[in-house]
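Enquirer: Let me begin by handing over the structure; questions about it come next.
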Amino acid sequence: MVDSGNLRLALASAAVLGFRHGLDYDHIAAITDITSVQARARDAMRYGLLYVSGHATTVAVLGAIAVGFRVSLPAASDRWAERLVGITLLTLGIYVLGTFFRPSAHNHNHARPRTRITLLINGMLWVYWRLSRIFGGTRVEAPQVFKDGYGTSSTFLVGVIHGLGAETPTQLLLFLLAANLGGTAAGLLGLFMFIVGLLVMNTLMCASAAGLFSSTLARPAALRALTLATSAYSIVVGTVFLLGIADKLPSLTG
Numbered sequence: 052m053v054d055s056g057n058l059r060l061a062l063a064s065a066a067v068l069g070f071r072h073g074l075d076y077d078h079i080a081a082i083t084d085i086t087s088v089q090a091r092a093r094d095a096m097r098y099g100l101l102y103v104s105g106h107a108t109t110v111a112v113l114g115a116i117a118v119g120f121r122v123s124l125p126a127a128s129d130r131w132a133e134r135l136v137g138i139t140l141l142t143l144g145i146y147v148l149g150t151f152f153r154p155s156a157h158n159h160n161h162a163r164p165r166t167r168i169t170l171l172i173n174g175m176l177w178v179y180w181r182l183s184r185i186f187g188g189t190r191v192e193a194p195q196v197f198k199d200g201y202g203t204s205s206t207f208l209v210g211v212i213h214g215l216g217a218e219t220p221t222q223l224l225l226f227l228l229a230a231n232l233g234g235t236a237a238g239l240l241g242l243f244m245f246i247v248g249l250l251v252m253n254t255l256m257c258a259s260a261a262g263l264f265s266s267t268l269a270r271p272a273a274l275r276a277l278t279l280a281t282s283a284y285s286i287v288v289g290t291v292f293l294l295g296i297a298d299k300l301p302s303l304t305g
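Heads up: the sequence shown begins at 52 in our numbering, then just goes up one per residue.
In structure tokens:
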């Protein structure tokens, strides 16, 4: 049986760990991606929180499985997930950097701005369409997904996918350890407190990003500079993750 004082300390530590995890480099990239394409701060906050909810859902499901069945992901999946995140961020950053200099990239006449992941998918579909035309395809226009923007389900789904991030396997081991030491209830409580900390930090990040981007909407030059900086950030962080050296990045929490 676990001492109540030690249990409270462990739960507080889990919340702090979740709070710190919410400030990871890849979280910053994803949240700025979602919020930077919104025309209103309210929409930026709403879509950002949908992404965060999707991310937390993945952690909750995997964590509950780890605690309930006393299993976890293989240690090697840490490296696999890190490189997967790196490829995603690098590809999105490069694609946005290319579209940034096209006049159409700043055309806001469509019903809803498209996220970088939508631009990436449509870019891949465009390449496929061009190749099919070369080899005899007859389709007149390139296929597109989320042509009029993205909705709540697609934003939530992106969060679910990103929940399989570079540090998720390591975090599951912590919940599994708590369950082995104090039982299933202790493991689930630790998981819950971790998610609470994660949600608090990422909610603050969504609010900050929404306010920052909305404040530049009336200043095109500032908005372009901020968008360009976001793209550059994705490229740098994506490269670091792809090389498997994310642990060399300086801590954002001191």
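A virtual CB, placed ideally from N, CA and C, is assigned to each residue, including glycine.
Quick check on DSSP: helix, strand or coil for Thr-267?
Expert: Taking the first residue of the sequence shown as position 1, residue 267 is located at position 216. Note: Thr-267 maps to coil in three-state DSSP.
Enquirer: Please report the distance separating the alpha-carbon of Leu-249 from that of Trp-177.
Expert: Stepping through the sequence shown from its first residue, residue 249 is reached at position 198. Stepping through the sequence shown from its first residue, residue 177 is reached at position 126. Those two C-alpha atoms are separated by around 37 angstroms.
Enquirer: Count the other C-beta atoms from every protein chain shown that fall within 10 angstroms of the C-beta of Phe-207, then say buried if there are 16 or more, exposed otherwise.
Expert: As a working note, residue 207 is residue 156 in the sequence shown. Looking at its Cβ environment, which holds 16 or more other Cβ atoms inside 10 Å, Phe-207 is buried.
Enquirer: Suppose the cutoff is 8 angstroms on Cβ atoms and the five residues either side in sequence are ignored; what does the same chain contact list for Ser-123 look like?
Expert: Within the sequence shown, numbered from 1, the residue matching residue 123 stands at position 72. Excluding sequence neighbours, Ser-123 sits near Ala-117, Pro-220, Leu-223, Leu-224, Leu-227.
Enquirer: How is the alpha helix (DSSP H) around Thr-189 delimited, first residue to last?
Expert: Residue 189 sits at position 138 when you count from the first residue of the sequence shown. No alpha helix (DSSP H) holds Thr-189; DSSP gives it neither H nor E.
Enquirer: Helix, strand or coil for Leu-215 per DSSP?
Expert: Within the sequence shown, numbered from 1, the residue matching residue 215 stands at position 164. In the structure shown, Leu-215 sits in coil (DSSP, three-state: anything other than H, G, I, E or B).
Enquirer: Do you know how far the Cα of Phe-245 is from the Cα of Ala-230?
Expert: The residue labelled residue 230 in the question sits at position 179 within the sequence shown. The residue labelled residue 245 in the question sits at position 194 within the sequence shown. Cα-Cα distance, rounded: 14 angstroms.
Enquirer: Taking 6 angstroms as the limit between beta carbons, can you name the residues of its chain near Phe-292, skipping five residues before and five after?
Expert: The residue given as residue 292 occupies position 241 in the sequence shown. Excluding sequence neighbours, Phe-292 sits near Glu-133, Val-136, Gly-137.
Enquirer: Expressed to the nearest angstrom, what Euclidean distance is found between the alpha-carbon atoms of Ser-64 and Val-103?
Expert: Here residue 64 corresponds to residue number 13 of the sequence shown, with the count starting at 1. Here residue 103 corresponds to residue number 52 of the sequence shown, with the count starting at 1. Computed Cα separation, rounded: 21 angstroms.
Enquirer: Does the distance from the C-beta atom of Gly-214 to that of Thr-108 stay below 8 angstroms?
Expert: Locating residue 214 in the sequence shown gives position 163, counting from the first residue. Locating residue 108 in the sequence shown gives position 57, counting from the first residue. Cβ distance < 8 angstroms, so Gly-214 and Thr-108 count as in contact.
Enquirer: Would you tell me roughly how many angstroms separate the C-alpha atoms of Tyr-98 and Gly-187, rounded to the nearest one?
Expert: For this step, residue 98 is matched to residue 47 along the sequence shown. For this step, residue 187 is matched to residue 136 along the sequence shown. Whole-angstrom Cα-Cα distance: 41 angstroms.
Enquirer: Nearest-angstrom Cα distance between His-161 and Lys-299?
Expert: In the sequence shown, residue 161 corresponds to position 110, counting from 1. In the sequence shown, residue 299 corresponds to position 248, counting from 1. Per-residue confidence for His-161 stands at a pLDDT of 40, beneath the threshold of 50, marking its modelled position as unreliable; the derived number appears in the next sentence. For His-161 and Lys-299, the distance between alpha carbons rounds to 41 angstroms.
Enquirer: For my contact list, Met-252 and Leu-140 are in at a C-beta cut-off of 8 angstroms; report their separation, rounded to the angstrom.
Expert: One-based indexing of the sequence shown puts residue 252 at position 201. One-based indexing of the sequence shown puts residue 140 at position 89. The Cβ separation is near 19 angstroms, so there is no contact.
Enquirer: With distance defined between alpha-carbon atoms, name the residue in Thr-254, Leu-277, Leu-255, Ala-272 nearest to Phe-264.
Expert: Residue mapping note: residue 264 aligns to position 213 of the sequence shown, counting from 1. Comparing Cα positions, the closest option is Leu-277.
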